[in-house]
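Asks: Attaching a single structure in structure tokens format; questions to follow.
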Amino acid sequence: MSGDEREAPAQPVFRERRWLLPSAVAEELDLDAAGLPGERRTGDAGASGAARVSGGAGGPGRRGRRPRRTVRDWIVDFTCFLLAVGIGLVVADSLAEKGDLSESFLAVDQLLGAVACAAVWVRRRWPVALAAAMVPLGFLSTVSAGASIVAFFTLAVHRPFRYIAWVGGVQLAVLPLLFWVRPDPDLDYVAALVWTSLFTVMVIGWGMFVRSKRQLLLSLRDRARHAETEAQLRAEQAQRLARESIAREMHDVLAHRLTLLSVHAGALEFRPDAPRAEVARAAGVIRESAHEALQDLREIIGVLRASDPDDGGRPQPTLAALDALVAESREAGMKVVLDLRVTEPASVPASVGRTAYRITQECLTNTRKHAPGTEAAVTVTGAPGDGLTVTVRNPAPDGPVPHVPGSGQGLIGLTERATLAGGHLEHGPRAGGGFEVRAWLPWPAAA
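Heads up: the sequence shown at position 215 corresponds to 215 in my numbering, and the numbers run straight through without jumps.
The structure is reproduced here in structure tokens:
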């Protein structure tokens with residue numbers, strides 16, 4: 001995955017049908033589509049969805065800005081206003097037919113009811129204040145009953161349960177007193193109390209159901225985004241591991257080639273009077289090593305540039321390539337003894353054989369750099385089920401060794417490579433002088 005792909009914003013969601021969604025939900029989906037940071041990045045998905053529903057549709061939105069109403073919101077608000085007005089008109093007619101109330105009382109009742117109906121338009125901005133105001137207003141204006149229903153429904157939709165528990169609980173608690181002070185003209189006391197209580201509970205329950213559906217939608221969206229982010233992180237981790245593997249491969253391959261270049265170039269520098277045949281042989285080794293190093297580097301760069309593995313490259317080395325590696329080192333003037341005692345070498349897994357090859361290659365490179373002129377002994381033993389053991393030894397050099405530049409991370413890389421293969425590697429000075437590297441790699445028995 002390239003950097004451009006990782007930084008590309010998500011495609012807009014529900015853009016064509018945004019007007020069908022509540023403003024709070026539409027705003028959250030717009031923020032997701034734009035890739036903006038928010039509280040959805042942290043915490044539980046369901047909890048963050050609830051916080052957004054309570055803070056978005058019912059009050060100031062993110063960064064103090066209220067979400068813009070959608071077409072659906074305008075339709076719902078207008079319907080709620082008509083519902084409040086319709087119920088208020090029905091109640092006003094019933095009060096007028098009763099005939100035992102004064103004209104001034106009816107006028108005040110209707111005026112307060114009209115104000116309550118007009119306040120329905122601000123229900124999204126102040127749902128708690130509106131619902132709380134409807135509790136005492138019920139004692140002064142029966143015409144405000146419709147607006148009260150809308151207010152409690154809005155509170156249940158746009159605020160957490162604790163708000164509806166307090167305000168709704170107070171409303172249910174004062175209903176007996178309300179009907180004692182303002183009896184219903186058509187129903188007796190008990191019937192009016194039971195009917196109004198059940199209807200209030202039904203309205204609140206309906207609002208809580210709508211709120212839960214919105215929370216579910218946003219929480220599912222959060223979970224989808226979290227899953228998408230985790231998938232992206234896993235892809236980036238896999239890419240990083242692949243690059244680290246390529247870097248280790250680059251070190252193992254190029255260090256061997258460049259060491260040959262350094263050793264033979266140093267020989268030509270310090271022995272300008274060497275025989276012509278020896279100079280020609282060293283120049284040939286330098287030319288061949290430079291060509292091989294360029295070829296290996298070209299392949300590695302090709303892997304880094306290509307999106308898919310290149311199947312046309314040179315095959316990876318296996319255990320069978322150890323003979324060629326030793327022969328190449330001998331041609332470069334190095335003394336190497338190979339003792340290969342492996343049962344069924346053809347059945348060695350490719351990954352195990354490649355790891356054994358790279359370990360041997362790095363050890364020969366280190367011997368050439370730090371103990372030139374000595375004889376390296378390479379011993380490879382193993383059998384299916386017992387594992388594969390690679391041992392490389394070299395005696396101490398006879399005199400001082402000129403410094404050869406290097407990273408000093410070769411043995412660390414070998415230890416990591418052996419560990420990743422499921423084995424282990426040990427290295428250190430020998431008791432009688434010299435240096436030894438011993439690695440064990442798993443080789444499972446054939447099924």
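All C-beta atoms, glycine included, are put in the ideal place defined by N, C-alpha and C.
Predicted, not measured: the structure shown is a model, and the values here were computed from it.
1. So for Pro429, helix, strand or coil by DSSP?
2. Is the beta carbon of Ala439 sitting closer than 9 Å to the one on Thr365?
3. Specify, as a first and last residue, the run of the beta strand (DSSP E) that Asp339 falls within.
4. Could you tell me the distance, in whole angstroms, from the CA atom of Gly205 to the CA atom of Arg211?
5. Using 8 Å as the cut-off, can you tell me whether the stretch 122-130 makes contact with the stretch 146-158, which would need three or more C-beta pairs spanning the two stretches below that distance?
6. Suppose the cutoff is 6 Å on Cβ atoms and the five residues either side in sequence are ignored; what does the same chain contact list for Val85 look like?
7. For Arg341 versus Thr379, is the C-beta distance shorter than 9 Å?
8. Per the contact definition of three or more C-beta pairs closer than 8 Å, is the stretch 353-364 in contact with the stretch 317-326?
9. Around the Cβ of Arg287, are there at least 16 other Cβ atoms within 10 angstroms (buried) or fewer (exposed)?
10. By DSSP, does Trp443 sit in helix, in strand, or in coil?
11. Can you tell which of Tyr357, Arg358, Glu244, Trp443 has its C-alpha closest to the C-alpha of Asp386?
12. Among Thr419, His370, Gly413, Thr415, which residue has its Cα nearest to the Cα of Pro395?
13. Helix, strand or coil for Leu193, going by three-state DSSP, please let me know.
14. Thinking just about the alpha-carbon of each residue, which of Leu83, Arg271, Ala421 is nearest to the one in Ile359?
15. Compute the distance between the beta-carbons of Asp77 and Ala92, then report whether it is under 9 Å.
16. For Gly207, which residues from the same chain have a beta carbon less than 8 Å from its beta carbon, with the 5 sequence-adjacent residues on both sides left out?
17. Less than 9 Å separating the beta-carbons of Cys80 and Val143?
18. Taking the alpha-carbon positions, what's the Phe209 to Ile75 distance?
19. What does a CB cutoff of less than 6 Å around Glu436 pick up in its chain, not counting 5 residues either side in sequence?
20. Would you identify the three-state DSSP class for Ala383, choosing helix, strand or coil?
21. From the DSSP output, in three-state form, read off Leu111 for me.
22. Taking Leu112 as the reference, give the member of Gly284, Leu95, Leu137 with the closest Cα.
23. Which of the three DSSP states, helix, strand or coil, is assigned to Thr450?
24. Take Leu82 and list the residues in its own chain whose beta-carbon comes closer than 6 Å to its own, dropping the five residues that flank it on each side.
25. Give me the DSSP bridge partner(s) of Val378.
26. Distance, Cα to Cα, Arg159 vs Leu217?
27. Just the Cα atoms here: how many angstroms apart are Glu344 and Val401?
28. Taking 9 Å as the threshold (C-beta atoms), are Ala147 and Ala119 in contact?
29. Answer with buried or exposed for Ser347, where buried requires no fewer than 16 other C-beta atoms within 10 angstroms of its C-beta.
30. Under 6 Å Cβ to Cβ from Gly434, same chain only, skipping five residues before and after it: list those, please.
31. Can you give me the Cβ contacts of Leu140 inside the same chain, cut-off strictly under 8 Å, excluding the 5 residues immediately before and after it?
32. For Glu5, which residues of its own chain have a beta-carbon under 7 Å away from its beta-carbon, when the five flanking residues on both sides are left out?
33. Rounded to a whole number of angstroms, what is the C-alpha to C-alpha distance between Ser219 and Glu228?
34. Do the CB positions of Gly333 and Val279 come within less than 9 Å of each other?
35. Below 8 Å on the Cβ atoms is my guess for Gly428 versus Glu362; work out the distance and round it to an integer in Å.
36. Looking only at its own chain, which residues have a Cβ that is under 7 Å from the Cβ of Pro317, when we skip the five neighbours before and after it?
Replies: The relevant details are as follows:
1. strand
2. Between Ala439 and Thr365, the gap from beta carbon to beta carbon reaches 9 Å or more.
3. 335-342
4. 10 Å
5. yes
6. Cys117
7. Yes, these two residues count as a Cβ contact at 9 Å.
8. yes
9. exposed
10. coil
11. Comparing Cα positions, the closest option is Trp443.
12. For Pro395, the nearest C-alpha among the options comes from His370.
13. helix
14. Ala421
15. no
16. Phe152, Phe153, Thr154, Leu155, Ala156, Val157, Ile164
17. no
18. If you take the alpha carbons of Phe209 and Ile75, they lie about 20 Å apart.
19. Arg393, Arg430
20. strand
21. helix
22. Leu137
23. The chain is shown only over 1 to 447; residue 450 falls outside these bounds and no answer can be derived.
24. none
25. Leu338, Val392
26. 16 Å
27. Just so you know, the alpha carbons of Glu344 and Val401 end up roughly 40 Å apart.
28. yes
29. exposed
30. In chain order, Asn394, Pro395, Ala396 place their CB closer than 6 Å to the CB of Gly434, counting only its own chain and leaving out the 5 sequence neighbours on each side.
31. The residues are Val108, Asp109, Leu112.
32. With a pLDDT of only 39 at Glu5, under 50, the local geometry of the prediction cannot be trusted, and the value read off the model is given with reservation. Closer than 7 Å at the Cβ level, and outside the excluded window around Glu5, lies no residue.
33. 14 Å
34. no
35. Gly428 to Glu362, Cβ: 16 Å. No contact.
36. Arg354, Tyr357
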